[in-house]
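Data block below; observations after.
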Amino acid sequence: MRPIIYVSHPFGGDAANVTRVREICKSYTRQLPEALFVPALSVTCRPYDPDHYVRDLQLLLELESRCDVVFMTGEWENSLGCQTEYEFATRQGIPIAETYADLLAILTSLEKGELD
């Protein structure tokens with residue numbers, strides 16, 4: 016199995032957060048080379064625009080719906096966008112990892128066919 020992992024991370028218009036989440040993904044990619052980490056902040060390639068926030072978030076939720084796991088990173092609890100992604104995953108039944116240990120457990124369960 017080659018899992019697709021949606022990586023949620025706060026943005027708030029701070030370009031440094033894009034760098035942070037990319038570094039997180041690079042680190043975990045080395046540890047889990049069979050997985051595809053998709054850092055949401057790197058996907059839209061659009062500047063932060065509060066006027067288009069809802070539109071861009073809806074596009075990201077569409078992407079999230081196609082992933083096997085949602086991995087929450089950074090101080091996601093303080094981010095409205097991350098909270099929305101978390102709630103969406105919960106409603107859609109997409110497994111959510113908040114730690115690397117959670118992620119490994121979910122990937123193991125997916126590999127064994129214990130999660131759909």
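The opening position of the sequence shown corresponds to residue 16 in this note's numbering, with each subsequent residue numbered one higher. Think of the CB as a built atom: it goes at the ideal place given N, C-alpha and C, for glycine as much as any other residue.
{"Check": "Looking at the structure shown, is L51 part of a helix, part of a strand, or coil, going by DSSP?", "Outcome": "strand"}
{"Check": "Pick helix, strand or coil for I19, following the three-state DSSP scheme.", "Outcome": "strand"}
{"Check": "For the beta strand (DSSP E) that contains V85, what are its first and last residues?", "Outcome": "84-87"}
{"Check": "Count the CB pairs spanning the stretch 48-58 and the stretch 16-24 that are closer than 8 Å, and state whether there are at least three.", "Outcome": "yes"}
{"Check": "Secondary structure at I111, three-state DSSP: helix, strand or coil?", "Outcome": "strand"}
{"Check": "Would you mind stating whether V85 and E100 have Cβ atoms separated by less than 9 Å?", "Outcome": "yes"}
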